[in-house]
Each structure stands twice: as C-alpha cells, then as structure tokens.
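S.K.: Count along the sequence shown from 1, add 24, and you get the number used in the numbering used here.
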Amino acid sequence: MPVSNRAVSELGVDEAAAELEFLARELARHDTLYHGKDMPEISDADYDALKRRNDALEAAFPDLVRADSPSRKVGSAPASGFQQVTHSRPMLSLDNVFSDGDVQDFIASVYRFLGRLPDGSITFTAEPKIDGLSMSIRYERGRMVSAATRGDGTVGENVTANIRTIKEIPQVLPDGVPDVVEVRGEVYMSKPDFAALNALMLAEGKPTYVNPRNTAAGSLRQLDPKMTATRKLRFFAYAWGEIRDGAGNDVRLAETQFDTVKIFEKWGFPVNPLMTRLNSVDDIIAHYREIGLQRAELPYDIDGVVYKVDSLQLQGRLGFRSRSPRWATAHKFPAEQAMTTLTGIDIQVGRTGALTPVARLVPVTVGGVVVTNATLHNEDYIRGIGNSGELLREGRDIRIGDLVIVQRAGDVIPQIVDVVMEKRPDDSDPYDFPKTCPVCGSHAVREVNEKTGKMDAVRRCTGGFICQAQAIEHLKHFVSRDAYDIEGLGSKQIEFFFNSEDSALQIRTAPEIFTLRARQDGSHLTKLENIDGFGKVSVGKLFSAIDARRQIALNRFIYALGIRHIGETNAKLLARAYGTYEAFEAGMKEAASYTGDGWNELNAIEGIGEVVARALVEFYKEPRNIDVISRLLTEVTPLPMEAPTTSGSPVAGKTVVFTGSLERFTRDEAKARAESLGAKVAGSVSKKTDYVVAGPGAGSKLDKARELGVEVMTEDDWLTLIGG
C-alpha cells in the first residue's frame, strides 16, 4: 500500500508493515532513476519526504525493518557503461531533517549519544547542500589516479577521464601531501552555465535540458570526455575518504571538519565560501534561514543546509548507522502544492492481502515534476476519518471527480491533503470501498486486534494463496535481490510462469522454481527455449542461476520465506541467534506455547519484539507453510550462519546484556562498540548470555544472571576485557 498521511504513532503494525513494503519498492525505483539514469520522476523534496516517512516508521516499529530497507542503502548500482571502482571508504548519504524541531532533535541526539548536557559546547559546521553529483577523487603521491561517482556507496563508476576535464579540480597536489588522499565533494553546473547551454541548444534547434543537476550528471557520464569538456562543470570539496602516509597509517590533516576543508582549499580545491561554524540551535536555524533567503541569488542550485559535528574526535565516537553518519544531517528546504482532478481510484492487492487505494489524477506539475497518482491510504482516509476516529479534512470525504489539493513535501509525497468542495460535481457519490478482493473475489475484511480490540485500518483479502495477487507477490519477494536473487527470474518472468497452464512450465510455489529444469527435461510438451523471449542460451543461464542458489545464506533463506514483519535486519538477527536452520525451526516450534525457554529465548534477541515473535510462531503453526518449507528443503540447503570474524576481538560471537545506569558510556555507545567488536547485544538474560555488564541500579536482569550462573562484570571490567 502507499503511505498514510496519519501520524506514525496512529498506525497499527500491519499498516506500518504495508507502508514499509511500498516505500522499499518505490524508493529503490527512484534511486535507479536518479542515480543510475539521471532521469528522476520526482523532485528531491518528494524523494526526501518518502525517506523521512520510512525512517519514522522504522524508528516506531524497529521489528519491521525490511531486508530491502532504504535506510540500509545508498544511491544505486553503478551504470554499466563505465568500469567500476570500489571505494576504500564507503560513500554514505545523509539523513534529512525538515523542521526547526527536527534540527533540535538532531543536536539533542548528538549530546545524548555522547552522554553530555546540551550546553552549546559542541561546535557544528553548516554549509549549503549542493544539488549535484557526489564524487570521490583519489590522489597517490600527489597525482590524480582515479575519480568515481557514489554509485551504491560501495562501488561507483570510474569517470576519471571526465573529471580531468574540470579545470577547477587539481591534477597534481602540492608537495608534502600524504601518500594517499581521497578528496570528496560535489560536481555541479552553475545556473549561468546551464542557461548558456540551453540558449545554445535552442539556437541549434535541439531540445533543452530540464535542470542543472541532471545535466551535470549526464555530462559526467558521457563516454566521450571531449563531450564532458564542453559542459563547464564545477566542483566543491567538502569531505574525504582514505588519507594515509607511505607506511599505510591513517593520517588526520586537522582536528576539525572546518580546518580540514580549509586545507583542501589551500591545495587548490574550490570550497563553499558560505561554510561556517556555529554552536547554538538558534544560530544554526538562523543560518539556515539566511541561506534560504540567498538561495535564489546563488549561482548554483542548493536544496538545503548540511550540519556536521566539527570535532573529528567526536565524529569518531558518534560513528555511523547502516547508511549514514550520526554526526551529520541535511536540513532540506520545503516544497509545494497544486490542484488537479481525481479521475479514478484503483485498488492494489499486496503480498499480505492488503487492499490499497491509489488515486489517479489529471497530470499536474508540482515543483517541476509531473504527478499522476497519489496515495489514498485506506478506506477510512477516503471517508475523512483518521486512525483514532478523528476527523480528517474537517470530515470531507474524497470522491471521483473532485478537484483535490496535492502536496509533494512533508510526511507523505505525493498525497491528497484536501478537497475543494466548491468544485465538487453535483452528481458525485461517496466512494464505495470494495468488500471483496478485486483479483480473486474472496471476502476482504478488516481484522480486529485481539489485544486492543481495535479494528485494523487495512482491509485484507482472505483468499491467501488462492489469490493470484498474493501468490505472485510472494514469489516475487522470494526471488527479490535480498532474498534468493535469481538472475533472469524477475517480476515479468514470475508472472509468466505463474499464469502458465502447462505443468512443465508452471511455478505457483517456491519449490517449483527448483524443479523447473527437471520438469522441462522430462516433458515432451512445451519447451521453454521455444517460447518468445527466452531462447536456448537464456534458458541455460536461467537454469544455471537457479542451481547456483541451491545453497544460500541462512539469513537470506529466512527473509525469503516472506514471514510478516521479517525484513533483512530481523532475518540476520535470527540467523545469528540460532546459527542453523534446524535450530531456528526447532526454536520456533519450542516457542509455540508462548511460554517457557523457547519463547523467552526468542524474545531475548535484541531487536525482536513480541509482535515479530508472535508472527514467527504463527507462521510455523500453519501446516501449509510447513509443507512448502519441507518441499523447499528437498531442493535447497540453507547454510549455517558464519560466526563473526572480528580480528583480535575477545568478544566476537559472544552475547552481552547491558543493565542498570551506565556511567562510563551511554547505552547507545556501549551497544555500538560491542557490535563493532562482533558481539551480540541482547535485551534480556537467558542461558545463552555470555556476559552481563551491570551498572548502578541493575535489577531483575542482574538477578536472572546470577540465577543462571552468567558472568557478571562492572563497566570497568568490560572496558578491560575489550581493551578500553
């Protein structure tokens, strides 16, 4: 389902899971369009709002984090026209904030993580966020040797020849620089140069370009550097990757972010003159507003202001999340609204049976991007009722034919925020939400939460696997990138095999993927290689790709099963906790009574809450699921999870529980440090716990540790064990 316009706190678990599923697909699609093809369909504000909604949902529902979560990814895979470069240090993206309150929360989170009072003692840098293409330029012994785009954050495109055409970027650095230096920044096209290029295109009778960012990105991806050289690209340096001396030791050029960038300026790199240092929240927000007022007059496009902790020592302590640093964020500028007519409402059916309404709109341009559809969330939203029964839009419902206000910024984008009642057609009727599945005709119901007695906001098809939409979506999930990732078996191929009536071709459940070759070899009927779109070579490659997945990592196998609430992160947590599939399945069966050691052990896994635990147990109580898994296991082998190989760590593979009031470090810092050393951090004590680190005020967890004979240590003991 598309995303809801209600506050995250108002959503139920199922609705949140459905939103996260939609966001993962939608953001991945836009990543490919923006980073890989330079052909975005939505604006940066639209994209950022979708990411913000995803982050808010994951923060509120940590058990629902998916394998394909946008919070775990950066950019998109590099384009195929260039050689690939593996970054020596990942090129991570930044989290975004959108309001003064968000900025206050970001700064407070820095102080909180470091265990300090918010007294203004931490300095932040602030600089305009350039709307261009991220670049990493590597120098060895003072000479440029390579330049690469961000790509997916780990691997980028080698555009060295094109970067050499940008006159602002030094080819050679001054004497005395470290042996290896990677300078990072943004390649962009200035507004005057963009205007001049479009004037030239008009004069030559050629199509003009849409905006400077896409033009710069496209110019940099020209396979002919001579073409790039004609485009007057520019560069701002603001960060770095690997810097080390001839002995291979890491080198710190200065003690702060600001001073390091100033050293780049001395070396000949352009740096943004509006970069400054600030301490108080009020000064930071005031600077943001000042930059916003200057935005139209600047000779380059910006879409916000970036804040970074200035001290490199504090940056090191704060560290990173999966795809972004804790010590930096981007404060984005707001976007716009427009009016258009709602021409229809389509109902989509997802893998979990959720019926999601989508508004079809007369195309309208908002902020330079054409919007043709928007989320309608669920039937209550259409009626003008919120998740808690409150009125939305003052109780105005949404009808086909209405003139509606579409917004492309904030929590949900694009979304319908209101209806222009004065323009409502006289013959319009309230929308009648379907009570049966539009795909299979089964009853569609709104379930009642047994614990709260509250009706779910989402209406679901009861057809299960007899519903083609659910069965097909389940198979698509099974072969998706973070699950089995079978090359040549994408969405279109799954639909073809599912809809086939030929027993030698039909794939209706996951095990049948792995019996396809045998059924083809033993059939005298239709041969796949004779069907348009396949051919003998492609069929051979498909069978080889399927066979290559007969052994697969345990976490990917668990994720591929499509258990509700089990994303990539939770699948990894489960795989690490149980080690083998046999132990995992036995654990789920042992937990089936919701009591005893099995249930307690499952809930003790850090990040696995009761909602996820119940979903796992219920999945393994269903005989049809067990039948599919049994047949699948005759064809494939989930590989045992490898133990962490953190070199020299005394706690790699160990399970630790922190309890009480920690005094030497914050809880977040303790957890981050333990996990970086290969330890597993659990939320409760069990027989599998190796260490309990107890601070003042430790209570029931400490008692449980003593009861089970688990080793208990103080914070000082823990620091001694891990080497300080």
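For each residue, glycine too, the CB sits at the ideal point set by N, CA and C.
Answer yes or no: the CB of Trp-623 versus the heavy atoms of the ligand FMN, is any distance below 7 Å?
M.R.: With respect to the ligand FMN, the structure offers nothing, as it holds no ligand at all.
S.K.: If you draw a straight line from the C-alpha of Asp-435 to the C-alpha of Ser-33, how long is it?
M.R.: Mapped onto the sequence shown, residue 435 falls at position 411. Mapped onto the sequence shown, residue 33 falls at position 9. Caution is warranted here: a pLDDT of 36 is assigned to Asp-435, below 50, making its placement in the model unreliable, and the coordinate value is therefore given only provisionally. So the alpha carbons of these two residues sit roughly 13 Å apart.
S.K.: Going by Cα to Cα distance, which pick from Gly-340, Phe-457, Thr-539 is closest to Phe-137?
M.R.: Taking the sequence shown and counting its residues from 1, one reaches residue 137 at position 113. If we check each option's Cα against that of Phe-137, Gly-340 comes out closest.
S.K.: What distance in whole Å lies between the Cβ atoms of Lys-215 and Tyr-324, which are believed to be in contact at a cut-off of 8 Å?
M.R.: Position 300 of the sequence shown holds residue 324. Position 191 of the sequence shown holds residue 215. 6 Å between Cβ atoms; contact.
S.K.: According to DSSP, is Ile-531 part of a helix, a strand, or is it coil?
M.R.: Within the sequence shown, residue 531 is the residue found at index 507, counting from 1. Looking at Ile-531 - three-state DSSP - the assignment turns out to be coil, as it is neither helix nor strand.
S.K.: Going by DSSP in three states, Arg-258 sits in which element: helix, strand or coil?
M.R.: As a first step, residue 258 must be located in the sequence shown, where it is residue number 234. Three-state DSSP puts Arg-258 in a strand.
S.K.: How long is the line joining the alpha carbons of Gly-387 and Arg-30, rounded to whole angstroms?
M.R.: Counted from its first residue, the sequence shown places residue 387 at position 363. Counted from its first residue, the sequence shown places residue 30 at position 6. At residue 387 the sequence reads Pro, which differs from the Gly that was named. Each residue's alpha carbon lies about 25 Å from the other.
S.K.: Considering Cα atoms alone, identify which of Ala-493, Leu-317, Ser-466 is closest to Thr-486.
M.R.: Within the sequence shown, the letter at position 462 stands for residue 486. Residue Ser-466 is the option with its Cα nearest to Thr-486.
S.K.: Phe-130 lies in the alpha helix (DSSP H); which residues open and close that run?
M.R.: Translated into positions along the sequence shown, residue 130 becomes position 106. Residues 124-137.
S.K.: Starting from His-498, follow its DSSP beta bridges and name the residues at the other end.
M.R.: The residue you call residue 498 lines up with position 474 of the sequence shown. Partner(s): none; His-498 has no beta bridge.
S.K.: My understanding is that Ala-91 touches Asp-456, with C-beta atoms under 8 Å, so please give their C-beta distance in whole angstroms.
M.R.: Against the sequence shown, residue 91 aligns to sequence position 67. Against the sequence shown, residue 456 aligns to sequence position 432. Not a contact, Cβ separation roughly 37 Å.
S.K.: Should the segment 70-83 be called in touch with the segment 624-636, which here means at least 3 C-beta pairs below 8 Å?
M.R.: Contact between the segment 70-83 and the segment 624-636 is absent, because fewer than three Cβ pairs lie under 8 Å.
S.K.: What do you get for Asp-579, buried or exposed, if any count of 16 or more other CB atoms within 10 angstroms of its CB means buried?
M.R.: The count along the sequence shown starts at 1 and reaches residue 579 at position 555. For the sequence presented, residue 579 should be read as Asn rather than Asp. It counts as buried.
S.K.: Could you tell me which residues DSSP pairs with Lys-356 in its beta bridges?
M.R.: Taking the sequence shown and counting its residues from 1, one reaches residue 356 at position 332. In DSSP, Lys-356 forms a bridge with Gly-328.
S.K.: For the 8 Å Cβ check, are there 3 or more pairs between the segment 290-301 and the segment 125-133?
M.R.: With the cut-off at 8 Å, the segment 290-301 and the segment 125-133 do not touch.
S.K.: Are there 16 or more other CB atoms within 10 angstroms of the CB of Val-275, so buried, or fewer, so exposed?
M.R.: Here residue 275 refers to the residue found at position 251 when the sequence shown is read from its first residue. That one is exposed.
S.K.: If you pair each beta-carbon of the segment 347-356 with each one of the segment 447-463, do three or more pairs fall below 8 Å?
M.R.: They do not touch, by the three-pair rule.
S.K.: Compute the Euclidean distance between the alpha carbons of Lys-704 and Gly-586, then round it to the nearest angstrom.
M.R.: Along the sequence shown, one-based indexing puts residue 704 at 680. Along the sequence shown, one-based indexing puts residue 586 at 562. Answer to the nearest angstrom: the Cα atoms are 25 Å apart.
S.K.: Are the CB atoms of Val-109 and Ala-172 within a distance shorter than 8 Å?
M.R.: What you label residue 172 is simply residue 148 of the sequence shown in a count that begins at 1. What you label residue 109 is simply residue 85 of the sequence shown in a count that begins at 1. In contact: Ala-172 and Val-109 (Cβ atoms closer than 8 Å).
S.K.: Where does Arg-350 sit, in a helix, a strand or coil, going by DSSP?
M.R.: Taking the first residue of the sequence shown as 1, we reach residue 350 at position 326. Arg-350 falls in the coil class under three-state DSSP.
S.K.: Along the chain, where does the beta strand (DSSP E) containing Tyr-715 start, and where does it finish?
M.R.: Working through the sequence shown from its first residue, we reach residue 715 at position 691. It spans 715-718 - the beta strand (DSSP E) in which Tyr-715 sits, taken as one unbroken run.
S.K.: Return the chain-ordered list of same chain residues with a C-beta closer than 7 Å to the C-beta of Pro-664, the five sequence neighbours on each side being excluded.
M.R.: Counting from one through the sequence shown, the residue named residue 664 turns up at place 640. Cβ neighbours of Pro-664 beyond the five flanking positions: Leu-578, Gly-603, Thr-604.
S.K.: Just tell me which of Glu-192, Phe-538, Ala-698, Lys-516 has its CA closest to the CA of Thr-661.
M.R.: Counted from its first residue, the sequence shown places residue 661 at position 637. Taking only the C-alpha atoms, the option nearest Thr-661 is Phe-538.
S.K.: Could you compute how far the alpha carbon of Ser-93 sits from the alpha carbon of His-501?
M.R.: Taking the first residue of the sequence shown as 1, we reach residue 93 at position 69. Taking the first residue of the sequence shown as 1, we reach residue 501 at position 477. In a straight line, the C-alpha of Ser-93 is about 13 Å away from that of His-501.
S.K.: Starting from Thr-252, trace the alpha helix (DSSP H) in both directions and tell me its first and last residue.
M.R.: As a first step, residue 252 is located in the sequence shown; it is residue number 228 there, counting from the start. Segment 249-253, the alpha helix (DSSP H) holding Thr-252.
S.K.: Whose CA, out of Ile-154, Leu-415, Tyr-71, lies closest to the CA of Ala-241?
M.R.: One-based indexing of the sequence shown puts residue 241 at position 217. When each option's Cα is compared against that of Ala-241, the closest is Ile-154.
S.K.: Leaving out five residues before and five after Val-444 in sequence, what residues of the same chain have Cβ atoms less than 8 Å from its Cβ?
M.R.: Position 420 of the sequence shown, counted from the start, is the residue given in the question as residue 444. Answer for Val-444: Met-363, Asp-426, Leu-427, Val-428, Ile-429, listed in chain order.
S.K.: DSSP state of Ala-101, grouped into three classes?
M.R.: Here residue 101 refers to the residue found at position 77 of the sequence shown. Because Ala-101 sits at a pLDDT of 48, beneath the cut-off of 50, its placement in the model cannot be relied upon, and the following sentence gives the value as read from the coordinates. Reduced to three states, the DSSP call for Ala-101 is coil.
S.K.: Rounded to whole angstroms, what's the CA-CA distance from Glu-687 to Trp-264? Just pull it up for me.
M.R.: As a position in the sequence shown, residue 687 is number 663, starting the count at 1. As a position in the sequence shown, residue 264 is number 240, starting the count at 1. One C-alpha to the other measures close to 34 Å.
S.K.: Which residues share a DSSP beta bridge with Val-641?
M.R.: Counting from 1 along the sequence shown, the entry for residue 641 is found at position 617. DSSP lists no partner for Val-641.
S.K.: Let me check understanding here. Comparing Cα to Cα, which of Leu-513, Tyr-583, Arg-730, Ile-590 lies closest to Gly-557?
M.R.: Taking the sequence shown and counting its residues from 1, the one referred to as residue 557 is at position 533. Checking every option, the nearest Cα to that of Gly-557 belongs to Leu-513.
S.K.: Here's the rule: buried if 16 or more other CB atoms are within 10 angstroms of the residue's CB, otherwise exposed. What is Glu-735?
M.R.: Residue numbering aside, residue 735 sits at position 711 when the sequence shown is read from its first letter. The residue in question, Glu-735, is exposed, as its Cβ has fewer than 16 Cβ neighbours within 10 Å.
S.K.: Pull the bridge partners of Asp-480 from the DSSP assignment, please.
M.R.: Within the sequence shown, residue 480 is the residue found at index 456, counting from 1. According to DSSP, Asp-480 bridges with nothing at all.
S.K.: Could you give the uninterrupted runs of the beta strand (DSSP E) lying entirely in the segment 215-303, keeping only those of 3 residues or more?
M.R.: Here the runs fully enclosed are 258-268, 300-302.
S.K.: Return the chain-ordered list of same chain residues with a C-beta closer than 8 Å to the C-beta of Asp-740, the five sequence neighbours on each side being excluded.
M.R.: As a first step, residue 740 must be located in the sequence shown, where it is residue number 716. Hits under 8 Å: Arg-688.
S.K.: For the beta strand (DSSP E) holding Lys-153, just list the boundary residues, first then last.
M.R.: Here the question's residue 153 lines up with position 129 in the sequence shown. Segment 148-154, the beta strand (DSSP E) holding Lys-153.
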